[in-house]
Structures are given as structure tokens and as C-alpha cells.
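The structure appears below as C-alpha cells.
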Amino acid sequence: MNIAYFLIKDIFRKKLRVFLTICGVSIGVCVCIIMLGIGESLKQSFKDVYGRNQIDLVIQEKEQLSILLGRVSANLTQTAKATPGVEDTAAVLLYLNKMKGTAVPVFGWENDSFLFDGIEFIRGRKPAVGKNEAIVGDALAKSLQKDNESQIKIKGESFIIVGVFKSSSPFEQFAVVMPIGDLQKAIHEEGRVSFINLKLKPLYRTSFAIEGVAKEIELSSPLIAAVRSDAFIAEKSKFIVVGEKFSLLVSLITVIAVALGLANTMVTSSFEKRKFLAILLALGWQKIEIATLFMCESFIVAFVGGIIGIILGIKGTAFIFSMTSISAFVPDLSLIFILKIIGLILGSAIFAAIIPTWITLNSNPVEIIRGE
Amino acid sequence: MNNIFRTVNLRKFYEQTKSFALQDLSLTVKKGEFVGIKGPSGSGKSTLLYILAGLLKPTSGEIYFKEQPFEGIKNKALYRRHNIGFVFQDFYLYPNFTVLENMLFPCMQRLFVPGSIIKNAERHLESLHMQDKRNARVESLSAGERQRACIARALLYEPECIFADEPTGNLDSQNAKNTLGLLKKLNDDYKTTILLVTHDEMISHYAHRIVHIIDGSLKKE
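Given below as C-alpha cells:
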């Protein structure tokens, strides 16, 4: 028998109220996961690709924010390769294709691109150049399998699916990859690429050296910018997640609503127990112990609601998104993101406990005992 | 006998009612004494108990606990926990919890309640003939049993002093007699000092002495 036993037994004495509060917390946490999780998973997705392939620099069109609209000459790949310090290059052409009402990213990669090292083939093989072949991510393959489709159409041109791959990036999981030349031809953008990834030699992986290589590459054309991969991720993911700020605002409002709901439950609970709490003070409990009691009570309710909310957020949204055929955005949440959500829940719990603690500790126990 | 409590010219003024609950009250209680405190409603009897328990601050006057100034006790909660056991008229047992769980409330703030305290609680339940009610929910108890559970709770830390605020107020005469008898037995067996506020005339058969408080002042002993 201990304080936890007392708290749990006491909390679940009012089953309906606790149930409704836990539901409120769960839904609030779930909303936060959905709102923040989409942006987070997209950013994570980019980071995964760039981190996994050890990309140091990215050549892109100068002052072009959109990853979809930016184009640079494919010839720059050779120029970049010849720059001292550059170990390897990987040109990428990105196109967003409409499939079954959903925007599916289509990547054009060079056949010998190191980007192929970052994906794992589940079945099939690499697409051959000039044969209208493509490979698809696992999530997209499952979606296509439902409709028994073995090929995809891009601007009226058909591409046979010859392989399925798995990627740690959810963005790639729902993507199509094909030889860059075939994609250029299909979308009528011969000789153009979206951006070029650069891997530097180990000796050039210092901040100073990276800046030097970037400057040298930029000298080759006034229309391009060579940016560090982390800056590229930050810029592009900010643009892609247009509603990131809005998501943050909605999440903040949700967290406040959760905290107020929890505080309401805690205040009601404290008013119900006020006589009992006064008795505890008379029996020798210290005020700090009463405050701890509220804090623990609030934490337990928030914790249970939070865990359910996190599970709902991760599993539930996957289900919802799969129903709305936007499964590219199934949240793939990092531990740090989950810890942030747990931090928000605990913050709400502390806020919710402060009010009843303040009310109780500022009331006169003798007056409460006497019922005045 | 040594003094356990001594008050000198104790005054308590309530701002809300603009009246004195206690006026120049000087009282000495010896260790092991059973003192009955009588007086009309609102005369200041309970106020005296709550001041001696450190739950209320006097407006003026001096208090000594074991001849040490009361102001010297920095942590009044710990003082109450280890020296005072409270018995209330309305029992204040927490519903949905068993008798034993209610008994353990004074130490429930701990992460784990030591087995020795649980054993102690069970021993007290036995001495109060409540052992068979150990796991009974308090709602299922009769008024007399509830008051015995309340006394058992007060005994958990084996305090030197029990403050009973009208403990027989909600009991029939037989249960009132039993409750007073129990408190008397505690006083006889363990030399527990008892300060009992009551209107009950039966108190004269149990207490060593009766003090009368009228309009906040001690009238006679």
C-alpha cells in the first residue's frame, strides 16, 4: 500500500469523469500528433535521405524556394564532379504526378547514382534506362496492389513496375523512382534536373572546406546556388509544410484546451476532497505533500490520456490517412518528437495541478473542517 | 506529572465575525491527563484545540508544549503527525476505502508504507475490537464502528496526545459511552493525554477534570 495505490483508487472512484477527462487528453494529444507529426515526419524524411547518403552540398536554382519548380542544367553534374574535393554527385529530377487523386513524388535518378545505395529492394530489380521501367516504394506498391496495377502513367506515358523498395524515409516509401533520362523525356524536360546532390571527400567535410567548394561551384553559373544539405533541408521542408506554423498554432490551442480540461477536473476533484484534504493536514500531512498529491493525480490522468493519445495519433492517423489515400504522409515519428509531446502533456499536468493546489493551500483547514 | 501543554493569556480574534473566540485563556494540561472541555456552542472550545494543534494561530498569548515555546516548533505538520491524534465528531473517514486504508492515511504520503506501521495499525484495530472490520469499506460500518475506526486512525503514530472534538456528538448513548470508555482505556493503559471537547454530561465519569469555557474564557475547573 502506498501513495500510488491511494491515488489510483481515488482517481478511478469517479469512473465516468476520469474516462471523459482521459478521452479529452487523448484526443488533444492525437490532434497534436497529427498536426505536428506530418510536418515532423516530412522533415525527418528529408533528413533521413540526406543523412543516410552523407550528402554535404546541394546545387539548386538560385532564389527558387520550390523544390518542384527549381531546375538547373544537367551538365552541371560534370562540372561539379570535376571540382576539387567532390567525391560523387547525384542529380535528381523531381516531379509530382497525380495518381488516384493523390500527389505521388516521382524521382529521376541516374543509373549509377549513389542514391540507390540508400534503398533496399524487397523484390525486383533496378529499372533499365530507355525501357520505360520504374520502381516504387513499399507503401505505394501496396496501394497499387489493391487495384491490381502493374504500371504507372506519367503524362500519358506508361512505365512498367519492375521492382519494389523499402526506404527509411516515408517520403520515398510512397514514391516512384525511374532513370532520370526517362523522366526527363516523359515530362519534356530534357537536360534539366531539379537539384544535384554532392558528396565531398572526407578531408573536405569541415565547415570551411564545404564553404570553399560551394563558392567554387557557384562560380560556374550565376543561376545556381550551392547550399549545405542541412540548410537545403530546412528551406525545402519549410516550404513543403506550408501549414507548419498553422499546425503549431492549432496544436498550441489544443494543448491549452487539454490543460484547461484537466485543470477543471482537478479543481472539481479538489473541491470534492477539500474536507478530506483539510483532515489530512490535521493528521500531519505537510502542504508540500498535499501539492505532491495533486501533482501526482494530474500526472496519472494526463499520462494515461497521453499514452492513449500517442497510440491513437500514430496508429489512428495511419488508418485515417490510408482511407483518404494520402498515405505518403503517414507520420514516422522520432523519439525526440514523442518526448516533446510527452513534455507538453506533463506541462499540461503541472498547469492543471497548480490551480487546485493553490486553492487548497490557501484555504483555512479549520474553516473547512467546521464547514464554515 | 509534567506539563504537556500550558497556555498563558491566550487570545484569538476572528476578523470575519469581529469577535474574540478566546480571551486571556490560561490553561495547564499535564502529561497523561484526561481533560474534558465543556461550554456552549461558539464558546471557543474547538478553537483552543485547533490552536494547540498548530492549525490556527493565536492573536496573542503564549503556548508551551512540554514547557518549550510553541513558536519554536517550525514544522507544525510534523509536530501534529508525531504528537497529536485527532478524533472528529463527523469521523471524516474516506469513502470507498477500507478501515485499514483509512487508518493508514496519516502516513499514506510515503512512497511505501512500512510493514511495521501496518502491523501497528492492525494491533490497534485488534485492541479496539475492529480486527474483523479490517477490510470492510467504511460505508458499511455503523456510527459506533466508524468512531472506533477514527480513534484507530488517531493512534497510528501512537501520539502522546489525542484531541477529540465532540467525538460523541453523532453517537447514540450506548456508542457514546463505549467511545468515552475507549478513550479512557487509552488514557489508563498508555497514559495518552486526552483533550476532549464535548457537551456530553457523561464526560464527568471519565475525565480527570472538566474545564468550562464560556465566551472564550476559562470559568472554572
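If you're matching them up, the sequences are chains A and B in order. The opening position of the first sequence corresponds to residue 945 in the numbering used here, with each subsequent residue numbered one higher. The opening position of the second sequence corresponds to residue 95 in the numbering used here, with each subsequent residue numbered one higher. C-beta: ideal position from N, C-alpha, C; glycine also.
Own chain partners of residue i with C-beta closer than 6 Å, once the 5 adjacent residues on each side are dropped
| i | result |
| --- | --- |
| TYR1039/A | VAL1050, ILE1131 |
| THR153/B | ARG105, LYS106, PHE107 |
| MET1239/A | ALA1297 |
| GLY1315/A | none |
| GLU1101/A | ALA1130 |
| GLU1077/A | PRO1071, ILE1104, VAL1106 |
| LEU1225/A | PRO1309 |
Residue j beta carbon less than 9 Å from that of residue i
| i | j | result |
| --- | --- | --- |
| VAL1016/A | SER1173/A | no |
| VAL1202/A | VAL973/A | yes |
| LYS285/B | LYS125/B | yes |
| ILE1223/A | PHE99/B | no |
| PRO200/B | ARG231/B | no |
| ILE304/B | SER311/B | no |
| LYS958/A | SER1214/A | no |
| LEU1037/A | VAL1137/A | yes |
| TRP1302/A | ARG175/B | no |
| CYS255/B | LEU277/B | no |
| THR101/B | SER120/B | yes |
| ASN214/B | GLN241/B | no |
| SER1087/A | PHE1118/A | yes |
| HIS302/B | PHE159/B | no |
| ILE977/A | ILE1285/A | yes |
| GLY1081/A | LYS1110/A | yes |
Distance, residue j Cα to residue i Cα
| i | j | result |
| --- | --- | --- |
| SER1271/A | LYS1143/A | The predicted model places SER1271/A with a pLDDT of 49, which falls under 50 and marks its position as unreliable; any figure quoted below should be read in that light. Going by the C-alpha atoms only, they are around 31 Å apart. |
| SER1269/A | ALA1207/A | Unreliable placement is indicated for SER1269/A, whose pLDDT of 48 sits below 50; no coordinate value is reported for it. |
| ILE1096/A | ILE1104/A | 7 Å |
| LYS170/B | PHE107/B | 21 Å |
| LYS313/B | ILE211/B | 42 Å |
| ILE955/A | GLY138/B | 37 Å |
| ALA1158/A | PRO1300/A | 59 Å |
| PHE1273/A | MET1122/A | Residue confidence for PHE1273/A is low, a pLDDT of 49 falling below 50, so the modelled location carries little weight and cannot support an answer. |
| GLY933/A | THR1150/A | A query on residue 933/A cannot be resolved here, the shown segment of chain A reaching from 945 to 1316 and no further. |
| ILE1079/A | LYS1090/A | 17 Å |
| LEU1237/A | GLN203/B | 8 Å |
| ASP1056/A | LYS1042/A | 27 Å |
| TYR173/B | VAL1248/A | 37 Å |
| GLN110/B | ILE971/A | 46 Å |
| GLY1052/A | ALA1083/A | 19 Å |
| LEU964/A | VAL207/B | 32 Å |
| GLN1128/A | THR1198/A | 45 Å |
| ALA1026/A | LEU1147/A | 16 Å |
Residues sharing a beta bridge with residue i, DSSP
| i | result |
| --- | --- |
| LYS1097/A | SER1102/A |
| GLY1029/A | Paired residue(s): none; GLY1029/A is not in a bridge. |
| CYS255/B | ILE178/B, THR287/B |
| ASN1308/A | For ASN1308/A, which the question treats as bridged, DSSP gives no partner whatsoever. |
| PRO163/B | TYR158/B |
| GLY1068/A | GLY1107/A |
| PRO1318/A | Outside the modelled stretch of chain A, which goes from 945 to 1316, sits residue 1318/A, for which no answer is possible. |
Element boundaries [alpha helix (DSSP H), containing residue i]
| i | result |
| --- | --- |
| CYS1240/A | 1231 to 1255 |
| LEU1221/A | 1218 to 1226 |
| GLN1089/A | 1082 to 1090 |
| HIS218/B | 209 to 221 |
| THR141/B | 139 to 146 |
| ASP294/B | No alpha helix (DSSP H) contains ASP294/B, which DSSP labels as neither H nor E. |
| LEU951/A | 947 to 955 |
| LEU119/B | Looking at the DSSP string, LEU119/B is not in any alpha helix (DSSP H); the run it does join, the beta strand (DSSP E), is 113 to 124. |
| ASN1141/A | Segment 1139 to 1144 is the beta strand (DSSP E) holding ASN1141/A; no alpha helix (DSSP H) there. |
| VAL1157/A | 1151 to 1162 |
Where the beta strand (DSSP E) containing residue i begins and where it ends
| i | result |
| --- | --- |
| ASP226/B | Per DSSP, ASP226/B belongs to no beta strand (DSSP E) and is neither H nor E. |
| TYR108/B | 97 to 108 |
| ARG1172/A | 1168 to 1172 |
| GLY1125/A | Looking at the DSSP string, GLY1125/A is not in any beta strand (DSSP E); the run it does join, the alpha helix (DSSP H), is 1124 to 1130. |
| GLU1005/A | 1001 to 1005 |
8 Å CB neighbourhood of residue i in its chain, flanking five on each side removed
| i | result |
| --- | --- |
| ASN997/A | ALA1034, PHE1058, LEU1059, ASP1061, GLY1062, ASN1141, LYS1143 |
| GLY275/B | TYR300 |
| GLU216/B | LEU194, GLN225, ARG228 |
| ALA1169/A | ILE1003, GLN1004, GLU1005, LYS1006, GLU1007, GLU1162 |
| LEU951/A | LEU1237, CYS1240, GLU1241, ILE1244 |
| ASN196/B | LEU187, TYR188, VAL232, ALA243, ARG247 |
| LEU149/B | LYS170, ARG174 |
Residues of its chain near residue i, where Cβ-Cβ distance is below 7 Å and the 5 sequence neighbours each way are ignored
| i | result |
| --- | --- |
| LEU249/B | GLY179, HIS218 |
| LYS1189/A | none |
| THR1304/A | SER1214, ARG1218, LEU1221, ILE1234 |
| GLY1068/A | ILE1079, VAL1106, GLY1107, VAL1108 |
Within-9 Å CB hit, residue i to chain C
| i | result |
| --- | --- |
| THR1301/A | No chain C is present in this structure, whose protein chains are A and B. |
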